[in-house]
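Enquirer: Quick one: the structure is below, questions incoming.
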Amino acid sequence: DSFNNNNHNLQKKKKKNKKTNSTLLSSDISYCNKHYSEKNYQSSSKMKKSKDKYLFDVDNKMKHSDFDVISKNYSVFRISDYNWNDHGFSLVSQYYPEVAPLLDELFNHIYYLTYHTFNDSSNVDTEPFRMAIWHYVHRVKGIFHDDYDYKQVNILLNRSVKTFIKKVVSYPNIITKKDFKHMGLDLAPSEKIHLTLLCVEALKQAELIYSLHAIMKYRIHSQK
7 DSFNNNNHNL QKKKKKNKKT NSTLLSSDIS YCNKHYSEKN YQSSSKMKKS KDKYLFDVDN
67 KMKHSDFDVI SKNYSVFRIS DYNWNDHGFS LVSQYYPEVA PLLDELFNHI YYLTYHTFND
127 SSNVDTEPFR MAIWHYVHRV KGIFHDDYDY KQVNILLNRS VKTFIKKVVS YPNIITKKDF
187 KHMGLDLAPS EKIHLTLLCV EALKQAELIY SLHAIMKYRI HSQK
């Protein structure tokens, strides 16, 4: 009887926790739907310390802003100074040796994947198009490739495609079915998915480059 009573109480507690978690999740979703829009994000990144707890200031608004190549406040990140192949891969290997080759394989697979088609056209060399997407994403995120001719971006990517790419890497939550259907190029659905994957993986690599570069700088500084 004691065992049955304990088991009964445990089941009641699980149901209560499940209901509470469901309510919290519903509340979180409602909050996100209310506060995230195309124009700006509500951010809880500004922190204030009160006793032993941290409170978040949600009045700090964040929105995407293109990098200014002539800005006096910051400079673009040159890929020649730090990149995935020469620096990032080896650093990740030191901490997660089993993860580094998987990331490298993923980047290469998405970047080099091609069926040599462009909608109804066959035997097409799609590498310039894939390169333009990858380098444009890096450029949007402030990474500059010295060995790439950025004129190719304007030749191969029209304004509508650039807008879609920016949404993917900056505001993915506002992408609609209409955006995907009318992205500015007459592509097959599978090709549009590949384009999106190129954006996502280029973004992932860019974020890794920034974070791994910061770790490298910290390690150098801490050794002094």
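Everything in the sequence shown is counted per my numbering, starting at 7 for the first residue and increasing by one.
Note that the Cβ used here is the ideal one computed from N, Cα and C, for glycine as well.
Using 9 angstroms as the threshold, is the C-beta distance between glutamate 207 and tyrosine 102 below it?
Expert: Contact: no.
Enquirer: Checking the sheet assignment: what are the DSSP bridge partners for phenylalanine 83?
Expert: Note: phenylalanine 83 sits in a beta bridge opposite Ile149.
Enquirer: Rounded to whole angstroms, how far is the Cβ of isoleucine 221 from the Cβ of leucine 97, which I believe are closer than 8 angstroms?
Expert: Indeed, because the Cβ distance is near 7 angstroms, the residues count as touching under 8 angstroms.
Enquirer: Check whether chain B comes within 9 angstroms of glutamate 133, counting only Cβ atoms and requiring the distance to be less than that.
Expert: Within the model displayed, chain B is absent; a lone protein chain is all it includes.
Enquirer: Which residue marks the beginning of the alpha helix (DSSP H) containing tyrosine 110, and which one marks its end?
Expert: The question names tyrosine, but residue 110 in the sequence shown is aspartate. 106 to 118 is the span of the alpha helix (DSSP H), which, as asked, contains aspartate 110.
Enquirer: For histidine 144 and phenylalanine 150, I'd like the C-alpha separation in whole angstroms.
Expert: Taking the straight line from one Cα to the other gives about 7 angstroms.
Enquirer: Taking all protein chains shown into account, decide if alanine 194 is buried (16 or more other Cβ within 10 angstroms of its Cβ) or exposed.
Expert: With fewer than 16 Cβ atoms within 10 Å of its Cβ, alanine 194 is classed as exposed.
Enquirer: Return helix, strand or coil for threonine 132, following the three-state DSSP convention.
Expert: Coil.
Enquirer: If distances are taken between C-alpha atoms only, which option among Asp192, Ala212, Phe186 comes closest to threonine 202?
Expert: When each option's Cα is compared against that of threonine 202, the closest is Phe186.
Enquirer: Can you tell me whether DSSP reads serine 166 as helix, strand or coil?
Expert: Three-state DSSP puts serine 166 in a helix.
Enquirer: Return the Cβ separation of isoleucine 139 and leucine 204 in integer angstroms, given the expectation that the two are a contact with Cβ distance under 8 angstroms.
Expert: Sure, about 5 angstroms apart at Cβ, within 8 angstroms.
Enquirer: May I have the straight-line CA-CA distance separating leucine 209 from glutamine 229, to the nearest angstrom?
Expert: Spanning the two alpha carbons is a distance of roughly 31 angstroms.
Enquirer: Beta-carbon separation of histidine 141 and threonine 132 under 9 angstroms?
Expert: Taking 9 angstroms as the Cβ cut-off, histidine 141 and threonine 132 do not qualify as a contacting pair.
Enquirer: May I ask you to list the residues that DSSP assigns as paired with serine 127?
Expert: BP columns for serine 127 point to Phe124.
Enquirer: Taking the alpha-carbon positions, what's the serine 127 to aspartate 192 distance?
Expert: Cα to Cα, serine 127 sits roughly 11 angstroms from aspartate 192.
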